[in-house]
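Accompanying notes for the structure given below.
There are 2 protein chains.
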Amino acid sequence: MNKLLIVGTVAFDAIETPFGKTDKILGGAATFIGLSASFFDVDAAIVSVVGDDFPQEYLDLLTNRNIDISGIEIVKGGKTFFWSGRYHNDLNSRDTLETQLNVLADFKPVVPEKYKDADVVMLGNLHPLVQMGVLDQLTQQPKLIVLDTMNFWMDCALPELLAVIKRVDVITINDEEARQLSGEYSLVKAAAKIHQLGPKYVVIKKGEHGALLFEGKEIFFAPALPLEEVFDPTGAGDTFAGGFSGYIAQSENISYQNMKNAIIHGSNLASFCVERFGTERMINLDKEEVYDRLKQFRSLTQFDIELE
Amino acid sequence: MNKLLIVGTVAFDAIETPFGKTDKILGGAATFIGLSASFFDVDAAIVSVVGDDFPQEYLDLLTNRNIDISGIEIVKGGKTFFWSGRYHNDLNSRDTLETQLNVLADFKPVVPEKYKDADVVMLGNLHPLVQMGVLDQLTQQPKLIVLDTMNFWMDCALPELLAVIKRVDVITINDEEARQLSGEYSLVKAAAKIHQLGPKYVVIKKGEHGALLFEGKEIFFAPALPLEEVFDPTGAGDTFAGGFSGYIAQSENISYQNMKNAIIHGSNLASFCVERFGTERMINLDKEEVYDRLKQFRSLTQFDIELE
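So the protein lines, in turn, are chains A and B. Residues 41 to 348 in our numbering are what the first sequence spells out, letter by letter. Residues 41 to 348 in our numbering are what the second sequence spells out, letter by letter.
Now the structure itself:
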């Protein structure tokens, strides 16, 4: 089984949407990535940090999904990273109400020996120095390195971010962030500029409007599945990244053609994530549901105009 | 050759975008629909009205595309409908600067005898009473009636609009209009409510974010082609409708499967329309370019995950 190394936050979230609000619940980029990747046959491991306020049952939940958590440091007397946010009525934008870095402030990632030769590395959204710190511990070049990031790091750690972007094969980023990073409004032009920063593949996430994959002049598009109700978008981008990297790790095929499939798998899994608060839907999801919805993606997008 | 009857405005537009502005140029829903439909093997005719200020060369332009203009009334001493608008920087929204109804104010459509048994009828955006007036003149039920409309008629002629919506097979409408018409934010729920108003097929246009086709629980999605530069969105929705109805008329196949293809053809043609001001790109477009870009649509959307 191929090894997928995931770095990112494991955290508490408190979320408000037009449909309700939660107390502190399980969240974090690495959590969503790991849960999503666990739908593929991969040997996945998370590198992260939590405080000793983090419930054992949450850790067990990851272990039960066959996710290796030996790289999750538990800081004695420390408090787990906490994020709280409120979504606007259209669910397309949100305000951050509170961010407590806590144990994340001094986090030095340690990659378990067994995963230093990972086949695929998924760098979830986190300080670019932490992402870089993980890459520096690898003993061989992975088949594929995927990086997810956000505007926050462009604002306050751009040189470090650019340094890590230079070393990755795939970057996943949302549309507004792609515009900020490139200075281009057109996503086609933005992707071309981001290519020049290093990544051979650029994935631009457009939320409910789907995701674009760019490789040079080639473009592939995966829609988001139109849903009756989007309940909570938290973690959708991470779930997408987890599906993408999990599928690539399983299939051992990093061709552009196969990345198209990976984008569809990522979009498919993300479509479940938004149906409930936080990780709730991903935890109660089974493989059959995932497979059935892939068929919906096919009928949603496939047509049969005859072309030479 | 199958007959496609088009009703809609033939007009002057004056457009401002971040890229420049035009004087009075050729515009109007029926103009864009006709030009777009002319890329298919159909016997198309336009029912509309202009003043005698309308240049003969514009009429010739339609005739040269084999579009029958005997249903375009020329009002002596009358002035042609004029619309002027300014697009915002993101090109996703616009302000109407001026609307002069002119000859459109008293327009009574007259369907030429030859087209009263049209195979497909495309009701372009216009007062719903005019759209209804066209349907009332038909001597046999068309294979398909498609209606395009806009929020303006929902605001000021809703009962008349609902009456004509009840009689059509397909409605094309943009996302905000679908929300207004249905009172539902979710486009899936909006489409379900609009189905109940009459149309078996609901097409929701999302501009740069593509278009959705709904038939009951079935959903198909066509992306807009990601472009380096969108120059002027004017007429894109009409061009989409012209490609959709033109392809359906040519293929004589009104199955849901074939409507998927029609949506792709519509999206394909619309992707050219936005590349220049007004009708400029459509007028200088050849069939080979159209065919080549269809291949781009295929590589943009088609994937090969194996599913039973």
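Using N, Cα and C, we set each Cβ at its ideal position, and we do this for glycine too.
*asked:* Residues in the same chain with beta-carbon distance under 7 Å from residue 190(B), minus the five sequence neighbours each way, listed in chain order, please.
replied: If you ignore the 5 residues before and after residue 190(B), its C-beta comes within less than 7 Å of the C-beta of 165 and 217, all in its own chain and listed in chain order.
*residue 196(B) burial status per 10 Å Cβ neighbour count (16 or more: buried)*: It counts as exposed.
_Under 9 Å from the C-beta of residue 192(A): neighbouring residues of chain B_ = Within chain B, no residue comes near residue 192(A); the closest Cβ sits about 23 Å away, beyond 9 Å.
*Is residue 356(B) close to chain A, meaning its C-beta is less than 8 Å from at least one C-beta of that chain?*
Outside the displayed span of chain B (41 to 348) sits residue 356(B), for which this structure offers no information.
*So, using beta-carbon positions, are residue 318(A) and residue 66(A) closer together than 8 Å?*
Taking the C-beta atoms as reference points, residue 66(A) is found nearer than 8 Å to residue 318(A).
*If we count Cβ pairs, one from each stretch, closer than 8 Å, do we get three or more for the region 72 to 87 of chain A versus the region 148 to 158 of chain A?*
In the pairwise beta carbon analysis, the region 72 to 87 of chain A is classified as touching the region 148 to 158 of chain A: at least three pairs are separated by under 8 Å.
*Alpha-carbon spacing of residue 174(A) relative to residue 321(B), whole angstroms*: Those two C-alpha atoms are separated by around 51 Å.
*So what's residue 256(A) in DSSP terms, helix, strand or just coil?*
Residue 256(A): coil per DSSP, three-state reduction.
*How should residue 181(B) be labelled, buried or exposed, when 16 other C-beta atoms within 10 angstroms of its C-beta is the threshold for buried?*
It is exposed - the Cβ of residue 181(B) has fewer than 16 other Cβ atoms within 10 Å.
*Inter-residue CB distance, residue 279(B) and residue 261(A) (contact presumed, cutoff 8 Å)*: About 20 Å separates the two Cβ atoms, so there is no contact after all.
*asked:* In the DSSP output, what is residue 113(B) paired with across the bridge?
replied: Among the bridge pairs identified by DSSP, residue 113(B) is matched with 89(B).
*From which residue to which residue does the beta strand (DSSP E) around residue 56(B) run?*
From DSSP, the beta strand (DSSP E) with residue 56(B) extends over 51 to 57.
*From 50(A), 185(A), 80(A) and 289(A), residue whose alpha carbon lies closest to that of residue 326(A)*: Residue nearest to residue 326(A) within the set 50(A), 185(A), 80(A) and 289(A) is 80(A) (criterion: CA-CA distance).
*Going straight from the alpha carbon of residue 212(B) to that of residue 237(B), what length do you get?*
Cα to Cα, residue 212(B) sits roughly 13 Å from residue 237(B).
*Shorter than 8 Å from the beta carbon of residue 226(A) to some beta carbon of chain B?*
With 8 Å as the cut-off, residue 226(A) counts as an interface residue toward chain B.
*Out of 148(B), 52(B) and 313(B), state which residue places its alpha-carbon closest to the alpha-carbon of residue 324(B).*
Answer by Cα proximity: 313(B).
*Quick one, which residues of the region 319 to 347 of chain A are near chain B if we go by CB-CB under 9 Å, in chain order?*
Listed in sequence order: 331, 334, 335, 336, 337, 338, 339, 340, 341, 342, 343, 344, 345 and 347.
*asked:* On the DSSP letters alone, give me the boundaries of the beta strand (DSSP E) that residue 180(A) sits inside.
replied: Note, residue 180(A): premise wrong, no beta strand (DSSP E); not H, not E.
*Who are the Cβ neighbours of residue 287(A) in its own chain at under 6 Å, not counting the five residues just before and after it?*
The beta carbon of residue 287(A) is closer than 6 Å to those of 80, 302 and 305 in its chain, skipping five residues each way along the sequence.
*Give the DSSP bridge partners of residue 200(B), in chain order.*
Looking at the DSSP assignment, residue 200(B) forms no beta bridge with any residue, so it has no partner.
*Could you tell me if residue 137(A) is buried or exposed, where buried requires 16 or more neighbouring beta carbons within 10 angstroms of its beta carbon?*
Residue 137(A) comes out exposed.
*Going along the region 259 to 273 of chain A in order, which residues come within less than 7 Å of chain B, judged by CB to CB distance?*
Against chain B - using a Cβ distance shorter than 7 Å - the residues of the region 259 to 273 of chain A are 259, 260, 261, 263, 266, 267, 268 and 269.
*Measuring from the CB of residue 307(A), is there a heavy atom of the ligand SAH at a distance below 7 Å?*
The model depicted lacks the ligand SAH and carries no ligand whatsoever.
_8 Å is my cut-off, CB to CB: does residue 257(B) come that close to chain A?_
No, residue 257(B) lies away from the interface with chain A (no Cβ there is under 8 Å from its Cβ).
*Whose C-beta lies closer than 6 Å to the C-beta of residue 171(A) among residues of the same chain, with five residues either side of it excluded?*
The answer, listed in chain order, is 163 and 204.
*Could you list which residues in chain A have their beta carbon closer than 7 Å to that of residue 252(B), in chain order?*
Taking a Cβ-Cβ threshold of 7 Å, the residues of chain A close to residue 252(B) are 266, in chain order.
*asked:* Out of 139(A), 131(A) and 117(A), which one is the CA nearest neighbour of residue 123(A)?
replied: Selected option, being the one with the closest Cα: 139(A).
*What separation, rounded to the nearest whole angstrom, lies between the Cα atoms of residue 231(B) and residue 222(B)?*
Straight-line Cα distance between these residues: approximately 8 Å.
*When you compare each of 200(A), 184(A), 229(A) and 250(A) to residue 214(A) by their alpha carbons, which one comes out closest?*
Nearest to residue 214(A) by C-alpha distance, out of 200(A), 184(A), 229(A) and 250(A), is 250(A).
_I'd like the list of long-range same chain contacts for residue 169(A), defined as Cβ closer than 6 Å, with 5 residues on each side in sequence excluded._
These residues qualify, in order along the chain: 200.
*Going by the beta-carbon positions, is the gap between residue 47(B) and residue 290(B) smaller than 8 Å?*
Remark: C-beta atoms of residue 47(B) and residue 290(B) do not approach each other more closely than 8 Å.
_Cut-off 7 Å between Cβ atoms - residues of its own chain near residue 135(A), not counting five sequence neighbours on either side_ = Same-chain partners within the cutoff: 125 and 126.
_One or two residues paired with residue 124(B) in a DSSP bridge_ = According to DSSP, which records beta bridges pairwise, residue 124(B) is partnered with 54(B) and 138(B).
*residue 241(B) bridges to which residues according to DSSP?*
Partner(s): 210(B).
*Have a look at 282(B), 330(B) and 307(B) and flag the residue whose alpha-carbon is nearest the alpha-carbon of residue 69(B).*
Closest option to residue 69(B), Cα to Cα, is 282(B).
*Measuring CB to CB, does residue 207(A) end up less than 8 Å from residue 185(A)?*
Yes, the Cβ-Cβ distance between residue 207(A) and residue 185(A) is below 8 Å.
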